[in-house]
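Input: a single structure, listed below in structure tokens.
There are 2 protein chains.
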Amino acid sequence: MVLDTKHIAVVGASRHKGKIGHTILKQLLNKIVYPVNPSAKNILKKKCYASVKDIPAKIDLAVVAVPIQFVISIIEECCQKNIKNIIIITSGFGEIGNIEEEKKIKELVKKYELTVIGPNCLGILDLHEKLDTLFLPEDNLHRPDPGNISLISQSGALGGALLDLASQQRLGFAKFVSYGNALDVNETDILEFLSSDKKTEVIGLYIEGLKNGKEFLKTAQAIKKPIIVLKGGTTVAGTKAALSHTGSLAGDASVYEGVFKQAGLIQANLLSDFFKILKIFSKLKIKPEGKRIQIITNGGGFGILASDALEKQGLILAEMNSSSTKDLQRLLPQTVIVKNPVDLLGDATVERYEQAVITVLDDKNVDAILVLVLAQTPSLDLNDFVKKISAIKMKKPVLFVITGNKKAKQVCRSLEKKNMITFSFPEQAVKALGAYISHYLK
Amino acid sequence: MVLDTKHIAVVGASRHKGKIGHTILKQLLNKIVYPVNPSAKNILKKKCYASVKDIPAKIDLAVVAVPIQFVISIIEECCQKNIKNIIIITSGFGEIGNIEEEKKIKELVKKYELTVIGPNCLGILDLHEKLDTLFLPEDNLHRPDPGNISLISQSGALGGALLDLASQQRLGFAKFVSYGNALDVNETDILEFLSSDKKTEVIGLYIEGLKNGKEFLKTAQAIKKPIIVLKGGTTVAGTKAALSHTGSLAGDASVYEGVFKQAGLIQANLLSDFFKILKIFSKLKIKPEGKRIQIITNGGGFGILASDALEKQGLILAEMNSSSTKDLQRLLPQTVIVKNPVDLLGDATVERYEQAVITVLDDKNVDAILVLVLAQTPSLDLNDFVKKISAIKMKKPVLFVITGNKKAKQVCRSLEKKNMITFSFPEQAVKALGAYISHYLK
Numbered sequence: 003m004v005l006d007t008k009h010i011a012v013v014g015a016s017r018h019k020g021k022i023g024h025t026i027l028k029q030l031l032n033k034i035v036y037p038v039n040p041s042a043k044n045i046l047k048k049k050c051y052a053s054v055k056d057i058p059a060k061i062d063l064a065v066v067a068v069p070i071q072f073v074i075s076i077i078e079e080c081c082q083k084n085i086k087n088i089i090i091i092t093s094g095f096g097e098i099g100n101i102e103e104e105k106k107i108k109e110l111v112k113k114y115e116l117t118v119i120g121p122n123c124l125g126i127l128d129l130h131e132k133l134d135t136l137f138l139p140e141d142n143l144h145r146p147d148p149g150n151i152s153l154i155s156q157s158g159a160l161g162g163a164l165l166d167l168a169s170q171q172r173l174g175f176a177k178f179v180s181y182g183n184a185l186d187v188n189e190t191d192i193l194e195f196l197s198s199d200k201k202t203e204v205i206g207l208y209i210e211g212l213k214n215g216k217e218f219l220k221t222a223q224a225i226k227k228p229i230i231v232l233k234g235g236t237t238v239a240g241t242k243a244a245l246s247h248t249g250s251l252a253g254d255a256s257v258y259e260g261v262f263k264q265a266g267l268i269q270a271n272l273l274s275d276f277f278k279i280l281k282i283f284s285k286l287k288i289k290p291e292g293k294r295i296q297i298i299t300n301g302g303g304f305g306i307l308a309s310d311a312l313e314k315q316g317l318i319l320a321e322m323n324s325s326s327t328k329d330l331q332r333l334l335p336q337t338v339i340v341k342n343p344v345d346l347l348g349d350a351t352v353e354r355y356e357q358a359v360i361t362v363l364d365d366k367n368v369d370a371i372l373v374l375v376l377a378q379t380p381s382l383d384l385n386d387f388v389k390k391i392s393a394i395k396m397k398k399p400v401l402f403v404i405t406g407n408k409k410a411k412q413v414c415r416s417l418e419k420k421n422m423i424t425f426s427f428p429e430q431a432v433k434a435l436g437a438y439i440s441h442y443l444k
Numbered sequence: 003m004v005l006d007t008k009h010i011a012v013v014g015a016s017r018h019k020g021k022i023g024h025t026i027l028k029q030l031l032n033k034i035v036y037p038v039n040p041s042a043k044n045i046l047k048k049k050c051y052a053s054v055k056d057i058p059a060k061i062d063l064a065v066v067a068v069p070i071q072f073v074i075s076i077i078e079e080c081c082q083k084n085i086k087n088i089i090i091i092t093s094g095f096g097e098i099g100n101i102e103e104e105k106k107i108k109e110l111v112k113k114y115e116l117t118v119i120g121p122n123c124l125g126i127l128d129l130h131e132k133l134d135t136l137f138l139p140e141d142n143l144h145r146p147d148p149g150n151i152s153l154i155s156q157s158g159a160l161g162g163a164l165l166d167l168a169s170q171q172r173l174g175f176a177k178f179v180s181y182g183n184a185l186d187v188n189e190t191d192i193l194e195f196l197s198s199d200k201k202t203e204v205i206g207l208y209i210e211g212l213k214n215g216k217e218f219l220k221t222a223q224a225i226k227k228p229i230i231v232l233k234g235g236t237t238v239a240g241t242k243a244a245l246s247h248t249g250s251l252a253g254d255a256s257v258y259e260g261v262f263k264q265a266g267l268i269q270a271n272l273l274s275d276f277f278k279i280l281k282i283f284s285k286l287k288i289k290p291e292g293k294r295i296q297i298i299t300n301g302g303g304f305g306i307l308a309s310d311a312l313e314k315q316g317l318i319l320a321e322m323n324s325s326s327t328k329d330l331q332r333l334l335p336q337t338v339i340v341k342n343p344v345d346l347l348g349d350a351t352v353e354r355y356e357q358a359v360i361t362v363l364d365d366k367n368v369d370a371i372l373v374l375v376l377a378q379t380p381s382l383d384l385n386d387f388v389k390k391i392s393a394i395k396m397k398k399p400v401l402f403v404i405t406g407n408k409k410a411k412q413v414c415r416s417l418e419k420k421n422m423i424t425f426s427f428p429e430q431a432v433k434a435l436g437a438y439i440s441h442y443l444k
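Chains as they are written, first to last, in our numbering: chain A, 3 to 444; chain B, 3 to 444.
As structure tokens, this is what we get:
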């Protein structure tokens with residue numbers, strides 16, 4: 003696809019900070035990049051060309067960010083220059099009913115065998131290769147760390163907001179593709195590409211509609227990597243809105259649900275769930291052997307709410323076997339009753355947590371563990387907690403739930419640095435775990 | 003109730019930092035407080051007494067934080083001293099099957115007409131009066147600002163975590179009562195008290211079980227303030243867990259649901275929802291006239307997801323009347339199509355938002371507005387956004403949704419300071435709005 007590029011032309015490059023063509027050029031300065039703008043001599047210390055045709059090198063990719071009335075002629079020039087890969091950032095095409103212009107570009111695509119992403123898109127972000135055509139500057143959209151999630155988004159803005167959010171939570175991304183109106187390259191093409199991309203282990207997909215359901219189904223079914231999908235337009239109201247956004251016929255929600263199920267996709271129902279499910283698939287490296295969950299907590303109420311959430315999610319509260327129950331009961335103070343949840347009480351220490359986690363990990367009646375931590379209690383030395391707990395070899399899926407302000411957030415960050423997986427509310431962890439388990443146990 | 007106190011004894015006061023009896027004393031130093039501990043002369047520069055009986059003043063409230071084997075004799079001493087209000091922090095009573103001790107205390111309550119909160123609780127936090135018996139120090143549990151929410155929690159830890167979380171989001175609280183095993187004072191008593199408390203405008207209630215459903219129903223029905231309830235133990239698994247937590251018979255979820263509905267309570271199903279619903283009732287000062295919602299966005303995908311959420315919540319996408327549609331269409335660029343959602347596009351400016359919000363506020367076909375802002379776009383001057391938008395007189399309920407990292411969080415904070423109400427995900431705002439509207443339109 004468009005991603006393996008060395009020489010890039012930015013058509014519509016601008017001298018003016020804040021302009022789209024300025025931001026894109028700046029972001030690509032680490033590549034061999036050629037600004038194109040007939041009214042500038044140099045931009046960001048790079049020699050500027052009046053047309054792509056003037057560039058004295060073979061160009062692998064042209065990023066087009068010019069006003070809509072110039073787009074067609076620019077693409078024609080790209081064809082003359084034998085540029086095969088084009089990203090069209092410019093909007094104002096099919097999404098507002100301007101289908102004529104799209105038709106003309108489609109003809110060029112066919113005639114010259116082009117690969118075109120867009121129009122009306124952000125383009126591509128490759129975190130490992132530092133290829134970045136997003137016109138949203140770092141100040142506004144903080145790029146996440148390189149990682150194993152690739153995100154395909156029919157909505158550029160939504161994808162961008164998710165990347166920004168991810169950057170705060172140490173969630174790593176491989177590639178992000180905003181493909182806009184999908185004039186040429188669509189979600190299925192990108193899925194296909196990502197299926198063999200070595201950096202991509204988890205695929206997130208935001209779509210409003212599919213142009214070719216059968217082709218999508220066939221491709222998705224063949225992909226072994228987990229694909230998490232969020233569908234915009236699952237109601238009458240949402241479908242109407244989708245029609246005016248990317249011109250997608252969002253169609254009947256139940257039909258889509260069926261297609262996703264058949265294709266083995268994991269469907270998230272809410273934006274916040276989408277994010278949490280991507281997180282668990284990105285970070286958890288152990289496949290579950292069953293759905294019996296043990297809860298360890300230092301707050302009874304949290305244990306109850308987590309139990310409620312587990313049952314609603316179709317997961318099962320584990321029943322520890324009698325020997326580990328006895329072992330743990332011996333290790334813990336008498337006031338701690340070893341059952342599920344194990345409530346280590348308000349004066350819980352790091353040692354209690356350690357003993358509980360280690361014992362439960364060894365119990366064959368337990369498939370996964372939910373560790374709830376109320377960081378407000380003074381008896382718990384949080385630095386020591388992070389050190390000791392993260393040193394345990396987690397041979398089963400273990401998720402942490404920590405609710406609160408600064409202290410809680412600090413612990414989350416420290417645990418995440420040690421490759422532990424944290425959530426703010428019990429129901430979020432349970433939802434993610436449910437999606438994870440049902441994917442691998444199906 | 004116990005709250006109107008001047009002279010407080012802390013029984014079990016400790017010299018040692020980190021101890022419960024030290025933290026509690028420290029937190030009460032702004033009051034007239036008397037440490038009680040037979041083995042200390044002074045604690046935190048306060049003269050210490052061997053027994054409450056030795057204190058040369060009338061005591062309004064005794065906070066008891068001594069090991070369980072001393073509790074009964076301490077309460078007997080309190081009775082001899084004619085102290086009527088007692089908070090028992092100590093745990094190890096009914097919640098672990100120790101009912102005998104509770105019985106003895108109950109006899110004393112009856113005989114001496116005591117008012118007892120606890121045992122196994124955090125006690126009371128009054129943010130306006132700075133009365134604070136919580137043994138979780140400020141470092142661990144950041145106290146929220148004084149405000150209009152009062153929280154009653156059967157689980158101290160859960161309540162504490164919510165306060166901590168609230169402190170980060172500028173959510174203000176009046177009073178927090180953690181009543182533990184409810185040996186004497188129960189949720190109904192506290193509800194009754196809060197119903198006439200002038201600082202309390204919204205009541206949050208976390209319960210696992212009700213001791214007396216009829217009494218609760220009668221009291222709750224008579225209260226005009228909105229009461230938001232989160233019930234722990236709505237499943238078989240959760241009910242089991244509740245039984246071992248506070249000894250509550252959590253009972254059949256549908257029975258509780260019926261009671262809550264009859265009592266006019268707003269039930270939250272998840273901890274995160276509970277928090278968001280408290281937020282909207284605390285901050286929104288305008289009652290809705292209907293459930294027709296207009297969405298204003300600068301990201302099409304977000305608009306679609308918000309539309310989906312609205313429909314699922316039983317709310318209606320407003321249809322603006324023709325004159326305001328025309329007005330707005332004239333004010334906005336041609337590429338913006340004025341419908342619902344109004345997508346102000348990726349290059350949306352503050353002016354576009356301003357024009358849209360003002361026009362929609364004036365439209366009689368719209369009852370409330372959801373303003374979605376993708377803070378990633380460089381065309382939007384966020385400081386100016388906060389300034390201009392918060393200057394508009396919001397004569398209808400208006401909620402903001404802003405998703406992302408630092409910039410997004412900054413805007414949220416700035417808007418909240420101007421009394422605007424913000425959320426991170428569209429579905430959260432919609433859930434809160436749904437609860438708010440159905441409460442007032444019922």
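We put the beta carbon where it would ideally sit given N, CA and C, even for glycine.
Small disclaimer: the values here were computed from a predicted structure and weren't measured.
Annotation note: the stretch 327 to 364 of chain B contains the following uninterrupted alpha helix (DSSP H) runs of length 4 or greater, listed N- to C-terminal: 352 to 364. The three-state reading of DSSP puts Ala377 of chain A in coil, since its state is none of H, G, I, E or B. Nearest CB-CB separation between Ser256 of chain A and chain B: not below the 7 Å threshold. Listed along chain B, the residues sitting closer than 7 Å to Val238 of chain A by beta-carbon distance are Glu313. DSSP lists no beta-bridge partner residue for Arg415 of chain B.
Of all residues in the stretch 141 to 158 of chain B, those with a C-beta nearer than 8 Å to a C-beta of chain A are Asp141, Asn142, Leu143, His144, Ser155, Gln156, Ser157 and Gly158, reading in chain order. By the rule that beta-carbons nearer than 7 Å mark a contact, Lys49 of chain A does not touch chain B. Within chain B, the residues Leu272, Leu273, Ser274 and Phe277 have their CB atoms less than 9 Å from the CB of Phe427 of chain A, given in chain order. Listed along chain B, the residues sitting closer than 8 Å to Gln378 of chain A by beta-carbon distance are Leu138, Asn142, Leu143, Ala159, Gly162, Ala163 and Asp166. Ranked by how close their Cα comes to the Cα of Val35 of chain A, the residues A:Lys113, A:Val54, A:Ser41 and A:Ile391 have A:Val54 in first place. When the alpha-carbon of Pro399 of chain B is set against those of B:Lys389, B:Leu333, B:Ile288 and B:Ile298, the nearest one is in B:Ile288. Bridge pairing for His9 of chain B: B:Ile34 [DSSP]. Measuring C-alpha to C-alpha distances from Leu267 of chain A to each of A:Ser325, A:Gly94 and A:Tyr208 identifies A:Tyr208 as the nearest. In the three-state DSSP reduction, Gly149 of chain A falls in the strand class (E or B).
Closest in alpha carbon position to Glu203 of chain A, among A:Pro148, A:Asn183 and A:Asp369, is A:Pro148. Assignment of Ala184 of chain A by DSSP, reduced to helix, strand and coil, places it in the coil class. Straight-line measurement puts the Cα of Asn421 of chain B at about 32 Å from the Cα of Gly235 of chain A.
The distance from the Cβ of Ala358 of chain B to that of Leu330 of chain B is about 6 Å, consistent with a contact at the 8 Å cut-off.
DSSP, reduced to helix, strand and coil, places Asn385 of chain A within a helical segment of the structure shown.
Counting along the chain, the unbroken beta strand (DSSP E) around Val118 of chain A starts and ends at Thr117 to Ile119. Taking Leu376 of chain A as the centre and dropping the five residues before and after it, the same chain places the C-beta of Asn300 and Gly301 closer than 6 Å to its C-beta, in chain order. Each residue's CA atom was taken as its position, placing Ala159 of chain A and Asn150 of chain B some 36 Å apart. Taking all protein chains shown into account, Gln378 of chain B has 16 or more neighbouring C-beta atoms within 10 Å of its C-beta and is therefore buried.
Residues of chain A with a Cβ closer than 8 Å to the Cβ of Leu417 of chain B do not exist, since the nearest Cβ in that chain sits about 17 Å away.
Residue A:Val38 holds the alpha-carbon nearest to the alpha-carbon of Arg17 of chain A among A:Gly348, A:Lys390, A:Val38 and A:Leu401. Lys177 of chain A sits in a strand when the DSSP states are folded into three classes.
Phe427 of chain B: not part of any alpha helix (DSSP H); DSSP gives it neither H nor E.
Remark: C-beta atoms of Ile119 of chain B and Val187 of chain B approach each other more closely than 7 Å. Non-local C-beta neighbours of Asp365 of chain A in its own chain, meaning closer than 8 Å and more than five positions away in sequence, comprise Gln296, Ala320, Met322, Asn323 and Ser326, ordered along the chain. Between Lys328 of chain B and Leu363 of chain B, the C-beta spacing is not below 7 Å. Chain A places a beta carbon closer than 7 Å to that of Gly234 of chain B, counting this residue as a contact.
Spatial neighbours of Asp166 of chain B in its own chain (CB-CB distance under 6 Å, excluding positions within 5 residues in sequence) are listed in chain order as Leu143 and His144. In its chain, beyond the 5 residues on either side, His144, Arg145 and Pro146 have a beta carbon closer than 7 Å to the beta carbon of Ser169 of chain A.
Interface annotation, Ser169 of chain B: in contact with chain A, CB-CB separation under 7 Å.
A buried status is given to Lys233 of chain A, since no fewer than 16 other beta-carbon atoms sit within 10 Å of its beta-carbon. Chain A places a beta carbon closer than 7 Å to that of Asn407 of chain B, counting this residue as a contact.
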